[in-house]
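Enquirer: Residues 194 to 432 in full-length UniProt numbering are what the sequence shown lists, from first letter to last.
All C-beta atoms, glycine included, are put in the ideal place defined by N, C-alpha and C.
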Amino acid sequence: NNNIVVSRMYKQGEKEKIPIPNPVTTFEQAFRDYPEILEEIAKQGFQHPSPIQSQAWPVLLSGDDLIGIAQTGTGKTLAFLLPALIHIEGQPVPREERMGPSVLVMAPTRELALQIDKEVKKYYYKGIKALCVYGGGNRREQINTLNTGVDVIIATPGRLNDLVEAGHISVKSITYVVLDEADRMLDMGFEPQIRKVLYDIRPDRQTVMTSATWPIGVRRLADSYMINPVQVYVGTLDL
Ligand code: ADP
Ligand code: MG
194 NNNIVVSRMY KQGEKEKIPI PNPVTTFEQA FRDYPEILEE IAKQGFQHPS PIQSQAWPVL
254 LSGDDLIGIA QTGTGKTLAF LLPALIHIEG QPVPREERMG PSVLVMAPTR ELALQIDKEV
314 KKYYYKGIKA LCVYGGGNRR EQINTLNTGV DVIIATPGRL NDLVEAGHIS VKSITYVVLD
374 EADRMLDMGF EPQIRKVLYD IRPDRQTVMT SATWPIGVRR LADSYMINPV QVYVGTLDL
């Protein structure tokens, strides 16, 4: 019994209303131009996009910012990940010539970061390279891999900051940012690290946020870092 509420957030006083892309009902509708992705989805045996995926994919493929609010297990990872892979290929500067990663995913814990990393590696798409960095992981190894060039960084905020400050990760080339489980990251006290990293990422990037809840702290993050995001709420609460 899922409620789905889709709306777009506007800054106060903003008058212009921007249309929200229509949801898709099939994987083909979202990814008809990307047979490798469709093949992998078929391999996984998925039948239909989940509600959050149906709504999120057209929004993200159109380049808009997105906030996905839904409980655990609703398919949020692929909701932001598949458009991220397509985003990388769509950038004007060829991948080999970029000076650093194109996509950054921040996640609250090492376990979650590793899960996302595993998911990216399943959808190994046109040789896109991903690296997972987290506290407690082998820093030297992470740096060595960074030096070989990666397209996607999946990171916990602490280790990310550490590697950015030490000059091992340049955030200048990042054009797609995901804050996964933003509410949990705030609960864990990562707000300063998140803000520090986002401050240096180009303002014309695309920004995605997922959260299970919609507390004031998460709203503030959205206000600071997103531009007219589409908000997709999937839930069972009475609204
Ligand atoms: P969330 O991030 O919302 O907690 P996940 O993205 O981790 O959820 O997905 C939960 C599970 O659902 C994973 O095992 C994933 O492979 C699976 N899944 C994702 N999309 C679909 C789909 N469209 N149909 C069936 N299963 C899916
Ligand atoms: Mg998740």
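Can you find a heavy atom of the ligand ADP that lies under 8 Å from the Cβ of T218?
Expert: No; taking the cut-off as 8 Å, the Cβ of T218 has no heavy atom of the ligand ADP nearer than that.
Enquirer: Figure out for me which residue from T429, V425, D397 and S417 has the closest Cα to the Cα of P204.
Expert: The identity of residue 204 in the sequence shown is Lys, whereas the question assumes Pro. Nearest of T429, V425, D397 and S417 to K204, Cα basis: S417.
Enquirer: Using the C-alpha atoms, what's the distance from V425 back to V199?
Expert: Computed Cα separation, rounded: 5 Å.
Enquirer: Between the Cα of N354 and those of E304, Y392, A223 and I420, spot the shortest distance and give me the residue it belongs to.
Expert: It is Y392.
Enquirer: Quick check: the Cα distance between K208 and M202, rounded to an integer number of angstroms?
Expert: So the two alpha carbons sit approximately 12 Å from each other.
Enquirer: Note down, one range per segment and in chain order, each beta strand (DSSP E) of at least 3 residues found wholly within the region 244-332.
Expert: Runs found: 259-262, 296-299 and 323-326.
Enquirer: Using 8 Å for Cβ pairs, my map puts residue 433 next to M378. What's the rounded Cβ distance?
Expert: Any property of residue 433 remains undetermined from this structure, which presents the chain solely from 194 to 432.
Enquirer: Starting from M378, trace the beta strand (DSSP E) in both directions and tell me its first and last residue.
Expert: No beta strand (DSSP E) contains M378, which is instead part of the alpha helix (DSSP H) from A375 to D380.
Enquirer: Using only the alpha-carbon positions, how far apart do A405 and A415 sit?
Expert: When rounded, the distance between both Cα atoms is 14 Å.
Enquirer: Between the alpha carbons of E384 and I367, how many angstroms are there, rounded?
Expert: Roughly 19 Å between the two C-alpha positions.
Enquirer: Please find out if some non-hydrogen atom of the ligand ADP comes closer than 8 Å to the beta-carbon of F224.
Expert: Because no heavy atom of the ligand ADP lies under 8 Å away, the Cβ of F224 does not count as near it: no.
Enquirer: Touching or not, the region 250-262 and the region 290-310, by the rule of three or more beta carbon pairs under 8 Å?
Expert: No, the region 250-262 is not in contact with the region 290-310.
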